[in-house]
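Protein chains: 2
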Amino acid sequence: MLDVIAPLVVSNTTKIVLVSLDGLGGLPRPETGRSELETAQLPNLSQLATEAACGLIRHVAPGITPGSGPGHLGLFGYDPLRYQVGRGVLEALGIEFDLRAGDVAARGNFCTVDGTGRITDRRAGRIATDVCVRLTERLRRIRLPGVEVFVEPGKDYRFVLVLRGRARSGGGLSARLSETDPQVLGKPPLAVKALAPRAKATAALVSRFVAEARRLLADAAPANMVLLRGFDQLPKLPRFPEVFGLRSAAIAAYPMYRGLAKLVGMEVLKTGATFDDELATLRENWDTHDFFFVHYKDTDKAGEDGDFDAKVGALERLDRAIPDIRALGPDVLIISGDHATPSVLAGHGWQPVPLLVWSRYCGADAVAAFTERACAGGSLGVIPAQHLMPLVMANALRLIKFGA
Amino acid sequence: MLDVIAPLVVSNTTKIVLVSLDGLGGLPRPETGRSELETAQLPNLSQLATEAACGLIRHVAPGITPGSGPGHLGLFGYDPLRYQVGRGVLEALGIEFDLRAGDVAARGNFCTVDGTGRITDRRAGRIATDVCVRLTERLRRIRLPGVEVFVEPGKDYRFVLVLRGRARSGGGLSARLSETDPQVLGKPPLAVKALAPRAKATAALVSRFVAEARRLLADAAPANMVLLRGFDQLPKLPRFPEVFGLRSAAIAAYPMYRGLAKLVGMEVLKTGATFDDELATLRENWDTHDFFFVHYKDTDKAGEDGDFDAKVGALERLDRAIPDIRALGPDVLIISGDHATPSVLAGHGWQPVPLLVWSRYCGADAVAAFTERACAGGSLGVIPAQHLMPLVMANALRLIKFGA
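Chains as they are written, first to last, in the working numbering: chain A, 1 to 404; chain B, 405 to 808.
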């Protein structure tokens, strides 16, 4: 799709705002038969839906539950099946580590092994984050030849390992490595193996890191060993601002989403911790950018907690911000999300996500409410996420026609 | 899709009429909130929609505005992204030039250059068509070794250049050539370059044509030079009558649409300049063909002019012809279009286009009006244009089942 779009892009002065409600889609609460969106009072979104073209977004494929990475890459116009981002890279983005091209990142777990080296707990009793921080301090003593070693604490028992080659030239590092987590108890961690000849040197470095970690953690019960998964490097993605010819800004309070936006080359604007801060940032930067990705986290958080009422509340708070966004005068306003997080699932869901595209040229349909059920009858139909950006560009009058 | 369909085709005596309303889809007029289709009085189309299965057609992909080429190829069952037709070929079809396999066609502009050869006007002040005709007469004096040269005037400053190899054998001509239009003022026209080794000989011929043209036009102010774009050859398309097993007729008053139908192997019937002439041609040829592509231009013309009321009028005129078409007793009647031409855009649009498929076996849905909004809720959903022909063939009872 990007190859089809790129030659059609023309410049214009139109402004585009994409509001991504994380985990937007939901499911009916069994007691009422109404989803979070159907339960919430959303006068502004209803009005917008009445004026807009509506539909549903499918981020990966029917039945596939998207993670945050594929969910957002889809919204940004990238086919998530073609452009895959490994877990190690996502973890690094999630703690806003400044990952560079060529770095190899892995997700680490602190775990517990017995006297014979067999795993007795893959998460070391889900140790607290402050214990995790102390343990990563120990691992930071590890030195490996020819590379910088970064060990960054995450939440609970998680950390991120990054190896960065010192030499700009040379073969460099490779992430084609097998994981050390056997995924079962009673077995020792697996040896790291190179999955391609070019990864042999990196496999040797990681093996040495694991051996050193075992030694440094030996007396650190209960977390006395590490498991490493999801080795990966930054993917080579076409750059969003160049592909679409848009001065592009990302406004997100959470590091993971800033990281995903940075991955595609958007400018990540400094903002505060709340959605009000994000809106202030949007206002302040209105004149200097063409495209704004604005991220709203509360919907996902409530859904993940399985808290139906909290998700209803999060939707109603977002609804109250819509007039402020419209007051800025965007030419194209898109409301959608990166995946569903139905409260009844207390986690991400595979359900397609409501989509609303408003512009002067969006066309009308019969949809007058921003809900899963209403949007299913909208004029946009059920579309793959990567088809959204072309539609947005068309509504912004930034594409010429295909074929004479 | 064509590969799946072809082995399933069986013969039958059923008759199919596909009425393509050029630029059918529209957008609401801001003052009323109603589109052209929603404003027009269309009793016959409403009745047909009530009896038919409805939906929306998307010709290329969401957000992509189709040109007439991709728009019609989609209606004829061809994936427009797979089968692309270059601008040179479309221009040649548009003037009904008898383009043959192997010919290289380019779109030409007469332009203005200054004393140092730099472009000062890419369209030579949009010279009148009769000036264009006189200038092409000059260019027809050009002779090139081993090829026939055709220079055919188009509208205003446009012409078509066609090179035809004299030898049936040999490597032949290639259209893998760079364009000469630098797309900016103040620069001289670009040299033609071969984009593939096999195009070297053709590049040399075109360069010689350009040099001769410069000499012949030197004293012909303001149009004293040419620019060449969109070099292409006839694409190799599966032939529509053979793929679908249909004796296929195209009835179109405008040359471009006759050309597109010829491109896929339909028989182009001689007809007059009006839609009434087209309907007479339809009646006269009813017994000798199975499939009729009937083209209606007025909707697009009014839309391109940005004339909302004229488009409403064009729709109402078409509506009055529906009983005549039904009186012929088609087994399958399809009403749709090749792309939207919303009057508020005064040009082609990316919006999906209403679709109506009537047959004894089409199934009913709740749609009772032939409008963008109503069709969005139809039982056919939003489908790619190339999925229409299989659906039509099924309704004509001309396909056996897939898999035993």
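Cβ atoms here follow ideal geometry from the backbone N, Cα and C, with glycine treated the same way.
Because the structure is a prediction, the values reported are computed rather than measured.
Chain A contact residues for residue i, given Cβ-Cβ distances below 9 angstroms
| i | result |
| --- | --- |
| Arg777(B) | Gly363, Ala364, Asp365, Ala366, Ser379 |
| Leu749(B) | Tyr361, Leu397 |
| Leu460(B) | Ser379, Gly381 |
C-alpha distance - residue i paired with residue j, whole-angstrom precision
| i | j | result |
| --- | --- | --- |
| Asp156(A) | Ala124(A) | 10 angstroms |
| Val630(B) | Gly717(B) | 40 angstroms |
| Lys401(A) | Gly459(B) | 23 angstroms |
| Gly108(A) | Gly94(A) | 13 angstroms |
| Leu650(B) | Ser747(B) | 35 angstroms |
| Gly349(A) | Glu304(A) | 10 angstroms |
| Cys536(B) | Val555(B) | 11 angstroms |
| Leu391(A) | Ala684(B) | 40 angstroms |
| Phe712(B) | Arg802(B) | 40 angstroms |
| Ala677(B) | Ser439(B) | 28 angstroms |
| Lys270(A) | Leu75(A) | 21 angstroms |
| Ala321(A) | Val264(A) | 27 angstroms |
| Gly785(B) | Gly381(A) | 7 angstroms |
| Lys597(B) | Phe613(B) | 13 angstroms |
| Ser582(B) | Leu73(A) | 34 angstroms |
| Val672(B) | His699(B) | 12 angstroms |
| Pro411(B) | Tyr83(A) | 36 angstroms |
| Pro447(B) | Arg360(A) | 29 angstroms |
| Gly77(A) | Ser783(B) | 28 angstroms |
| Phe110(A) | Pro188(A) | 14 angstroms |
| Asp518(B) | Asp103(A) | 55 angstroms |
| Arg140(A) | Ala310(A) | 40 angstroms |
Where the beta strand (DSSP E) containing residue i begins and where it ends
| i | result |
| --- | --- |
| Pro758(B) | 757-763 |
| Gly63(A) | Here Gly63(A) belongs to no beta strand (DSSP E), and DSSP marks it neither H nor E. |
| Glu148(A) | 147-153 |
| Gly512(B) | 508-517 |
| Leu27(A) | First-last for Leu27(A): undefined, no H or E at that position. |
| Gly569(B) | 562-569 |
| Asp121(A) | 119-121 |
Test: residue i CB closer than 8 angstroms to a CB of chain D
| i | result |
| --- | --- |
| Asp181(A) | Chain labels in this structure do not include chain D; the protein chains are A and B. |
Proximal residues of chain A, C-beta to C-beta of residue i below 8 angstroms
| i | result |
| --- | --- |
| Pro474(B) | Phe402, Gly403 |
| Gly437(B) | Ala364 |
| Gln488(B) | Gly403 |
Partners in chain B for residue i, counting only beta-carbon separations shorter than 9 angstroms
| i | result |
| --- | --- |
| Ala394(A) | Pro466, Gly467, Ile468, Thr469, Gly753, Trp754, Gln755 |
| Val10(A) | Within chain B, no residue comes near Val10(A); the closest Cβ sits about 12 angstroms away, beyond 9 angstroms. |
| Val4(A) | Val464, Ala465, Ile468, Leu485 |
Within chain B, the residues that residue i reaches when beta carbons sit closer than 8 angstroms
| i | result |
| --- | --- |
| Met1(A) | Ala465 |
| Leu391(A) | Pro466, Gly467, Trp754 |
| His387(A) | Ala465, Pro466, Gly467 |
Partner residues on chain A for residue i, Cβ-Cβ distance less than 7 angstroms
| i | result |
| --- | --- |
| Leu431(B) | Tyr361, Gly363 |
| Ala457(B) | Here the premise fails: no neighbours, minimum Cβ distance about 16 angstroms. |
CB contact flag (residue i, residue j, <8 angstroms)
| i | j | result |
| --- | --- | --- |
| Ile409(B) | Met797(B) | yes |
| Val17(A) | Ile325(A) | yes |
| Ala105(A) | Val162(A) | yes |
| Thr180(A) | Leu135(A) | no |
| Val9(A) | Ile334(A) | no |
| Leu185(A) | Thr120(A) | yes |
| Arg373(A) | Glu38(A) | yes |
| Ala579(B) | Gln637(B) | yes |
| Asp22(A) | Asp276(A) | no |
| Thr809(B) | Leu577(B) | One cannot answer for residue 809(B) here, as it falls past the ends of chain B, which runs 405 to 808. |
Within chain B, the residues that residue i reaches when beta carbons sit closer than 7 angstroms
| i | result |
| --- | --- |
| Ile383(A) | Pro466 |
Bridge partner(s) assigned by DSSP for residue i
| i | result |
| --- | --- |
| Phe293(A) | Leu18(A), Ala250(A) |
| Ala194(A) | Leu177(A) |
| Glu267(A) | Ala249(A) |
| Cys54(A) | Leu356(A) |
| Val382(A) | Leu56(A) |
| Val413(B) | Leu803(B) |
| Leu737(B) | Val421(B), Trp762(B) |
Span of the alpha helix (DSSP H), counted from its first residue to its last, around residue i
| i | result |
| --- | --- |
| Leu795(B) | 792-799 |
| Cys375(A) | 372-375 |
| Asp636(B) | No alpha helix (DSSP H) contains Asp636(B), which is instead part of the beta strand (DSSP E) from 629-636. |
| Phe613(B) | 604-621 |
| Gly88(A) | 87-94 |
| Ile729(B) | 712-731 |
| Thr39(A) | 36-39 |
| Asp704(B) | 702-708 |
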